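The opening residue of the sequence shown carries number 1433 in our numbering; numbering runs sequentially from there.
For glycine and all other residues, C-beta sits at the position ideal for the given N, C-alpha and C.
Fair warning: this is a prediction, and the values are worked out from it, not measured in the lab.
Okay, so here's the structure we're looking at.
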Amino acid sequence: MNRTRIAGIGHYVPEKRVTNDDLSKLMTTNDEWITERTGIKERRYGKKHEETTATMGAKATRLAAERAGIELEEIDFIVFATLSPDFYFPGSGVLMQRELGITHKEVACLDVRNQCSGFVYGLSVADQFIKTGMYKNIAVVGSEMHSMGLDYSDNGRHVTVIFGDGAGAVILQPDTRPDAGILTTKIHSDGTHAEQLAMINPGCHGGYHGDKEKYNYPDPSTYGGIFFTPEMHDENMLYPDMNGQFVFKMAVQKFPEVIMEALADVGLDKSDIDMLIPHQANLRISQFVQKKLGLSDDQVYNNIQRYGNTTAASIPIALSEAWQEGKIKDNDLVCLAAFGSGFTWGSALIRW
Ligand code: UT7
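Dropping the structure here:
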């Protein structure tokens, strides 16, 4: 069976920088709070009406394809991860396919809705298709246009200050080298605490799931399970919400656990890791994981300071930057790890 290699990688971040001071003009927050709690100094926002999750994904994919030395037409499968899709449906995969103009041949698109773990999930799925020989050039994309869907009032400040826009992509191909490429992927989920980090509305739940007071579910007797009503907008029900402290505690437990699981699977040790690319959720989480694994500063790549949390895009953006900066070399053991909404979490080990 083939192994899978990352043949090309690219990323795109929009030009507009939004600093913590910029946000403090919109809501009651400040640079000190954001920096201390998250490490974030600024994030990028896409150009409204010109850029979308799909167009940013397309830019990252173009670069990844160029670096892989393939024509876009050679891409035979697109795996697109996002929580901020252009449309409710269809997914952003087909919109990116159209944007790239590769509709003339049989390309399949799969949309992944695993939020912060979306890229690792996408990588894991794509890896199986390469290994079985079904596809030869798979684009795995993570892209987010968070800035279009955040609550810029004080109600949303605990979520809004964290997120930023951007996209990253890889081209996966079969790898004939022995013991190289993607060595293993591990993916997990547990929906017990689904509402702790979620955007519940608009949705088709009709108020079904649990405590509506606690989780801001609309009252079904008022809304009748309607997918969207103007009241949902008026009553601030259309934004993501997070129980930050609860998510933080889960994250610092699951990141090391899933990394150790992947290492054990291939008979390696944490001391074998050359570069850890954690999902950029919070600098404090990354630092906790680094300490737990006994890694030095130059063995962990962080760019949350400049981009905030770009959810499904954070790992491929960080991987792309680390590679561009020469921090990943041939034969290095690269570890990707993510945790987020669902909860879902996962890891990947790649011999570069
Ligand atoms: O990527 C997916 C996974 N996500 C994560 O892993 C995120 C994990 N969680 C976190 O990163 C942190 O919990 C946050 C950065 C989200 C929040 O930090 P925290 O230390 O947990 O703060 P908190 O939510 O407990 O809020 C502490 C205080 C509150 O005020 P009181 O009640 O103590 O008076 C908040 O109202 O900070 C207040 N606060 C803010 N103050 C200034 C909340 N947001 C802000 C803000 N600016 N933006």
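Worksheet item: Would the region 1731-1748 and the region 1565-1582 be scored as touching if the rule is three or more Cβ pairs under 8 Å?
Response: Enough Cβ pairs lie closer than 8 Å, so yes.
Fill in: Complete runs of the alpha helix (DSSP H) confined to the region 1739-1765 [at least 4 residues]
Fully enclosed alpha helix (DSSP H) runs of 4 or longer: 1746-1756.
Practice prompt. Classify MET1631 as helix, strand or coil using the three-state DSSP reduction.
Written response: The answer is coil: DSSP assigns MET1631 none of H, G, I, E or B.
Worksheet item: Helix, strand or coil for LEU1670 per DSSP?
Response: LEU1670: coil per DSSP, three-state reduction.
Item to complete: Compute every distance between the C-beta of TRP1755 and the non-hydrogen atoms of ligand 1, then say whether any falls below 7 Å.
Response: Not one heavy atom of ligand 1 lies closer than 7 Å to the C-beta of TRP1755.
Item to complete: Have a look at LYS1563, PHE1521, LYS1480, VAL1593 and flag the residue whose alpha-carbon is nearest the alpha-carbon of GLU1464.
Response: For the residues LYS1563, PHE1521, LYS1480, VAL1593, the minimum Cα distance to GLU1464 belongs to VAL1593.
Discussion item. Once the 5 residues before and after PHE1687 are set aside, which same chain residues still bring their CB inside 6 Å of it?
Written reply: The answer, listed in chain order, is VAL1721, ALA1769, PHE1771.
Worksheet item: Hey, out of ALA1599, HIS1641, ASP1701, whose CA is closest to HIS1625's CA?
Response: The option with the nearest alpha carbon to HIS1625 is HIS1641.
Discussion item. Rounded to whole angstroms, what is the Cα-Cα separation between GLY1525 and HIS1536?
Written reply: GLY1525 and HIS1536: Cα-Cα distance of roughly 15 Å.
Worksheet item: Measuring CA to CA, which of SER1703, ILE1502, LYS1479 is closest to LYS1448?
Response: Ranking the options by Cα distance to LYS1448, first place goes to LYS1479.
Item to complete: Write down the C-beta distance between THR1617 and GLY1440 rounded to the nearest angstrom, noting that I regard them as a contact closer than 8 Å.
Response: Distance from THR1617 to GLY1440 at the Cβ level is roughly 19 Å; contact not present, criterion being Cβ atoms closer than 8 Å.
Worksheet item: Exposed or buried, what is PRO1662 when buried is set at 16 or more other beta-carbons lying within 10 Å of its beta-carbon?
Response: PRO1662 comes out exposed.
Worksheet item: Taking the C-alpha atoms as reference points, what is the distance between THR1461 and ALA1745?
Response: Taking the CA atoms as reference points, THR1461 sits about 25 Å from ALA1745.
Worksheet item: Who are the near neighbours of THR1485 in its chain, counting only those whose CB is closer than 7 Å to its CB and skipping five residues on each side?
Response: Here THR1485 has THR1514, SER1516, PRO1517, ASP1518, SER1524, SER1575, GLU1576, MET1577 as same chain residues with Cβ atoms under 7 Å from its own Cβ, once five neighbours each way along the sequence are excluded.
Discussion item. One question on the structure: do ILE1570 and PHE1509 come within less than 8 Å of each other, judged by their Cβ atoms?
Written reply: When the beta-carbon positions are compared, ILE1570 and PHE1509 come within less than 8 Å of each other.
Worksheet item: When burial is assigned at 16 or more other CB atoms within 10 Å of the CB, is SER1585 buried or exposed?
Response: By the Cβ-count criterion, SER1585 is exposed, with fewer than 16 other Cβ atoms from all chains shown falling within 10 Å of its own Cβ.
Discussion item. Could you give the first and the last residue of the continuous alpha helix (DSSP H) run that contains TRP1784?
Written reply: Run containing TRP1784: none; DSSP gives neither H nor E here.
Worksheet item: Which full runs of the beta strand (DSSP E) of 3+ residues lie inside the region 1544-1609, going along the chain?
Response: 1570-1576, 1598-1607, all fully within the region 1544-1609.
Worksheet item: With distances taken from CA atoms, which of ILE1736, VAL1445, ILE1507 is nearest GLN1605?
Response: Ranked by how close their Cα comes to the Cα of GLN1605, the residues ILE1736, VAL1445, ILE1507 have ILE1507 in first place.
Discussion item. Using a Cβ-Cβ cutoff of less than 7 Å, which residues in the same chain neighbour ALA1490 once the five nearest sequence positions on both sides are dropped?
Written reply: Cβ neighbours of ALA1490 beyond the five flanking positions: MET1528, GLU1531, LEU1532.
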